[in-house]
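**Q** Can you keep this structure in mind? I'll have questions shortly.
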Amino acid sequence: AHENGNCRPCTYAHTKSGCLNGSNCEYCHESHRHKSQRPSKATRVRCKEVAAKALEAVQQSGKSKDRKALHELAHQSAYM
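Okay, so the sequence shown: first residue is -8 according to our numbering, each after it adds one.
Quick look at the structure:
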């Protein structure tokens, strides 16, 4: 599965303490490319604040063009 890229990497395999399940672990212990980390909590909070202000402005303006732009922006990020 690892060769095909279909495996699920073990979160703990390459940490300082390692995986406590060892060879009984159901996840892959081979090296994987690291996924980008999620944004910090502060960044996520700022994004939500910006989205809330934008939503409020769109609701007040009533313009369908603004609603469409906000809808597209919301679908670009899980943090919005």
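Glycine residues also receive a C-beta, built at the ideal position from the N, C-alpha and C atoms.
Does the stretch 13 to 28 touch the stretch -6 to 5, meaning 3 or more C-beta pairs lie closer than 8 Å?
**A** A contact exists between the stretch -6 to 5 and the stretch 13 to 28.
**Q** On the DSSP letters alone, give me the boundaries of the alpha helix (DSSP H) that Thr34 sits inside.
**A** Taking the first residue of the sequence shown as position 1, residue 34 is located at position 43. Its alpha helix (DSSP H) spans residues Lys32 to Ser52.
**Q** Take His23 and list the residues in its own chain whose beta-carbon comes closer than 7 Å to its own, dropping the five residues that flank it on each side.
**A** If you number the sequence shown from 1, residue 23 lands on position 32. Excluding positions up to five away in sequence, the list reads Pro0.
**Q** Less than 8 Å between the beta carbons of Leu46 and Leu61, yes or no?
**A** Indexing the sequence shown from 1 puts residue 46 at position 55. Indexing the sequence shown from 1 puts residue 61 at position 70. A contact, by the Cβ cut-off of 8 Å.
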